[in-house]
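Below is one structure, written out as structure tokens, with a few remarks after it.
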Amino acid sequence: MHSELGGQVDAWLQSSAVVSGGQHAMVLLSIPQYEQMGLALGYAETEALVSNLRLALESELRRQDLVIQANTDTLAFLLPALNGIGHLELALSKVQRICDERLRLEGRPLQLRLCLGAALTPVAHDEGTVLLRRAHAAMIRSRQLGEPVIDQGHALSSVASGWQRHLMMAQALEAGEFEPYFQPKVDSVGRVIGAEALLRWNRPGHDLTMPDDFIPQAEANGLILPLTWYVLKASMARCMTWQRPLTLSVNVPAAALTSDKILLEVQDGLAIFDMPPERLTLEVTESGIMHDSKAVLALLSRLRALGIRISIDDFGTGYSSFAHFRDIPADELKIDRCFVTNMLTSEVDAQIVKSMLELAHNLGLSVVAEGVETAAVASRLTSWGCDQMQGFYFGRPLAESDFRSQFLAPAQVAVRQGA
Ligand code: C2E
Ligand code: MG
Ligand code: MG
Numbered sequence: 536m537h538s539e540l541g542g543q544v545d546a547w548l549q550s551s552a553v554v555s556g557g558q559h560a561m562v563l564l565s566i567p568q569y570e571q572m573g574l575a576l577g578y579a580e581t582e583a584l585v586s587n588l589r590l591a592l593e594s595e596l597r598r599q600d601l602v603i604q605a606n607t608d609t610l611a612f613l614l615p616a617l618n619g620i621g622h623l624e625l626a627l628s629k630v631q632r633i634c635d636e637r638l639r640l641e642g643r644p645l646q647l648r649l650c651l652g653a654a655l656t657p658v659a660h661d662e663g664t665v666l667l668r669r670a671h672a673a674m675i676r677s678r679q680l681g682e683p684v685i686d687q688g689h690a691l692s693s694v695a696s697g698w699q700r701h702l703m704m705a706q707a708l709e710a711g712e713f714e715p716y717f718q719p720k721v722d723s724v725g726r727v728i729g730a731e732a733l734l735r736w737n738r739p740g741h742d743l744t745m746p747d748d749f750i751p752q753a754e755a756n757g758l759i760l761p762l763t764w765y766v767l768k769a770s771m772a773r774c775m776t777w778q779r780p781l782t783l784s785v786n787v788p789a790a791a792l793t794s795d796k797i798l799l800e801v802q803d804g805l806a807i808f809d810m811p812p813e814r815l816t817l818e819v820t821e822s823g824i825m826h827d828s829k830a831v832l833a834l835l836s837r838l839r840a841l842g843i844r845i846s847i848d849d850f851g852t853g854y855s856s857f858a859h860f861r862d863i864p865a866d867e868l869k870i871d872r873c874f875v876t877n878m879l880t881s882e883v884d885a886q887i888v889k890s891m892l893e894l895a896h897n898l899g900l901s902v903v904a905e906g907v908e909t910a911a912v913a914s915r916l917t918s919w920g921c922d923q924m925q926g927f928y929f930g931r932p933l934a935e936s937d938f939r940s941q942f943l944a945p946a947q948v949a950v951r952q953g954a
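Letter by letter, the sequence shown follows residues 536 to 954 in our numbering.
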């Protein structure tokens, strides 16, 4: 569609409609859920919905504005003679309002997620394709960010560099550059009883890349799922070669909780590596579970029915209500590091940690404190009845061979006896 559309934009830029001064804009509007709508509402109904939307936009925008159906799920707008970016922003909010009013089913709003990308001249009058590419790049950014994007000259390069990074990560996954590191989890007397797999990217010629630098990108570019299945299997494989039966915790992103695939992956891993299910814990963040509660909670229950454990990671940072929290099918709660770090100096943090311990225990959950960095914090947590601890005081995340020699050698069974 885009080569033809480029020609239309060229013709429009050269036509009498746009000679009247000011700046000219191109806007692309797409409906990412179009395919699902087709399946759920019917193809003809969905087409009619979009074509009615187009008619409404044509009648409500200015007379000189042009609306083109660029694709089944994409509308293009050509808006001449705008008075700068503020004027374009007004036009975008008008488009958004008309969409909200018109995209309805039996009078009720469909609450669709729309992607709106826009670009503004100056470009020469024969550069329709440039304007189109900039609007297109802005629309792609809008899909990633979840809000309308106006290209200020960077959208093209940012989409291009995002794509480069995507290719690089996809190749890195193929080449085995991602590697799970392992951090010990200890019980209340300091014995290592488990490990959390924490992913690292070993890029040749670079320092070790940390998850904060690549997990958000993987979440945006769709590689998060293959990466998740990889960590799960790779860490299960390693854990099952250890001479002591430690538990294994694996982080699972919200995106992995939107389909049944995770059930198959877990079942597959348990069978391949002959792992007793109770040794595997999946860590899901509080905010991940809040996404789409009912379906996610049902999926978590089915995972637990396999015999594995569910842990709520980063607890306290996700703003979930107690009412919601009560319904989460979980076995373990991890108190976020931010409360543990200052609990000896801040009375408020101390009270929060104690309340979380009490709440979790009352609900039958075991509690892990994250970010334990000193002996004093460890012994205070133990005196408050915390079940397990994790943090630099007991051990940093290590490559598997280092983890083995530090924590699995027979002499190292108790790292901090009596901590
Ligand atoms: P998380 O799951 O809450 O993991 C704990 C993080 O705290 C890890 O950072 C760990 O190195 C760090 N940490 C542990 N003890 C201490 C301590 O005593 N002090 C301090 N300052 N930090 C401590 P890391 O490895 O950089 O991972 C950051 C986050 O990235 C993880 O938080 C998790 O949300 C995500 N992540 C890591 N690996 C994976 C993965 O395989 N899949 C997914 N989806 N997310 C992952
Ligand atoms: Mg975790
Ligand atoms: Mg955490």
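Glycine included, C-beta positions come from ideal geometry on N, C-alpha and C.
Work out the CA separation of Ala560 and Val665 for me, nearest whole Å. 12 Å
Could you name the residues of the same chain whose beta carbon sits closer than 6 Å to that of Trp547, not counting the 5 residues immediately before and after it, in chain order? Leu613
I'd like the list of long-range same chain contacts for Asp862, defined as Cβ closer than 7 Å, with 5 residues on each side in sequence excluded. Leu832
Using DSSP's beta-bridge definition, name the partner residues of Glu867. Ser846, Ser901
Using DSSP's beta-bridge definition, name the partner residues of Pro644. Arg639
Secondary structure at Arg598, three-state DSSP: helix, strand or coil? coil
Beta-carbon contacts of Arg637 that lie in its chain and below 6 Å, excluding the five residues immediately before and after: Leu588, Ala591
Under the three-state DSSP convention, the category Ile728 falls into: strand
Distance between His741 and Ala707 (C-alpha atoms, nearest Å): 13 Å
Could you spell out the range, first to last residue, of the beta strand (DSSP E) harbouring Gly652? 650-655
Starting from the Cα of Gly729, find the closest Cα among Ala911, Arg844, Phe850 and give me that residue. Arg844
Is it the case that the CB of Asp803 approaches a heavy atom of ligand 3 more closely than 7 Å? no
May I ask which residues mark the beginning and end of the alpha helix (DSSP H) holding Ser692? 690-709
Segments of 3+ residues assigned as beta strand (DSSP E) that fall wholly inside the segment 538-611: 558-565, 601-606
Closer than 7 Å: is that where the CB of Asp871 sits relative to any heavy atom of ligand 3? yes
Helix, strand or coil at Pro683 according to DSSP, with G and I counted as helix: coil
Would you report the Cα separation of Glu714 and Ser770, rounded to the nearest angstrom? 9 Å
If you draw a straight line from the alpha carbon of Gly851 to that of Gly542, how long is it in whole angstroms? 54 Å
Using the Cβ count rule (16 or more neighbours within 10 Å means buried), how would you classify Pro751? exposed
Identify the residues that DSSP records as bridge partners of Val907: which are they? The partner list for Val907 (beta bridge, DSSP) is empty, contrary to what the question assumes.
Out of Ile824, Asp866, Lys829, state which residue places its alpha-carbon closest to the alpha-carbon of Gly842. Asp866
Identify the residues that DSSP records as bridge partners of Pro811: which are they? Partner(s): none; Pro811 has no beta bridge.
Between the Cα of Cys774 and the Cα atoms of His859, Val724, Ala830, Ala934, which residue gives the shortest distance? Ala934
Coil, strand or helix - Arg931 by DSSP: coil
Sequence ranges, beta strand (DSSP E) only - wholly within the segment 740-808, length at least 3: 782-787
Three-state class that DSSP yields for Leu735 in the structure shown: Looking at the sequence shown, residue 735 is not Leu but Arg. Three-state result, Arg735: strand.
Coarse secondary structure for Gln886, derived from DSSP in three states: helix
So, with DSSP's three-state summary, where would you put Asp722? strand
Looking at Phe749 and Met810, is the spacing between their C-beta atoms short of 8 Å? no
Terminal residues of the continuous alpha helix (DSSP H) containing Thr876? 872-876
Residues in the same chain with beta-carbon distance under 6 Å from Phe938, minus the five sequence neighbours each way, listed in chain order, please. Phe717
On the three-state DSSP scale, how would you describe Gln925? coil
Pair within 8 Å by beta-carbon distance, Arg872 and Glu821: no
Rank Val721, Leu627, Tyr569 by C-alpha distance to the C-alpha of Phe942 and give the top, closest one. Val721
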